[in-house]
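Participant: In my numbering, the protein residues as written are 1125 to 1264.
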């Protein structure tokens, strides 16, 4: 699933907040808490652990940075309890005098299969929309 929106800030300004792991709790609705030290530097292969929450379902996820291209793109993937796998991708590109922010999410695994998975998918999409709204308010 994917959501995107225009934000009234430069890609560099947007990136400085959106890609800063220490600020995830300020805007990323899916992020509940850190379960490992936050890495001081992010590069391909960096790992960290957090708790992700969707509709009351909490899962501890061990993340790995798959790509990091400042100030335009970052992707992370993670494995959680019970075989849950999550991938998140953040993209930022210049649009007029602002930025377009896009967040792609993919949630897989037995616990999110069937009707439960469809409900979680709808919830994740809504939470990604709220996340972009939060990010815009934080920057603007």
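Note that the Cβ used here is the ideal one computed from N, Cα and C, for glycine as well.
Grab the span of the alpha helix (DSSP H) containing residue 1143 for me, first residue to last.
Facilitator: No residue range can be given for residue 1143, since it is assigned to no alpha helix (DSSP H) and is classified by DSSP as neither H nor E.
Participant: Just to confirm my understanding: we take residue 1247, look at its own chain, exclude 5 residues before and 5 after, and list those with CB closer than 8 Å. What are they?
Facilitator: 1178, 1179
Participant: How would you write the range of the beta strand (DSSP E) that residue 1198 sits in, first residue to last?
Facilitator: Here the beta strand (DSSP E) through residue 1198 covers 1197 to 1204.
Participant: For the region 1143 to 1180, which segments carrying the beta strand (DSSP E) assignment without a break, of at least 3 residues, lie completely within its bounds, in sequence order?
Facilitator: Qualifying beta strand (DSSP E) stretches, in chain order: 1155 to 1158, 1171 to 1178.
Participant: Less than 8 Å between the C-beta atoms of residue 1127 and residue 1252, yes or no?
Facilitator: Taking 8 Å as the Cβ cut-off, residue 1127 and residue 1252 qualify as a contacting pair.
Participant: In whole angstroms, what is the alpha-carbon distance linking residue 1227 and residue 1193?
Facilitator: 15 Å
Participant: Let me confirm a value: residue 1200 is counted as buried when at least 16 other C-beta atoms fall within 10 Å, else exposed. Which label applies?
Facilitator: buried
Participant: Could you tell me the distance, in whole angstroms, from the CA atom of residue 1186 to the CA atom of residue 1195?
Facilitator: 24 Å
Participant: So which of 1152, 1202, 1143 has the shortest CA-CA distance to residue 1249?
Facilitator: It is 1152 whose Cα lies nearest to the Cα of residue 1249.
Participant: Using the Cα positions of residue 1181 and residue 1137, report the straight-line distance between them to the nearest angstrom.
Facilitator: For residue 1181 and residue 1137, the distance between alpha carbons rounds to 32 Å.
Participant: For residue 1133, name the three-state secondary structure that DSSP assigns.
Facilitator: Here residue 1133 sits in coil by DSSP.
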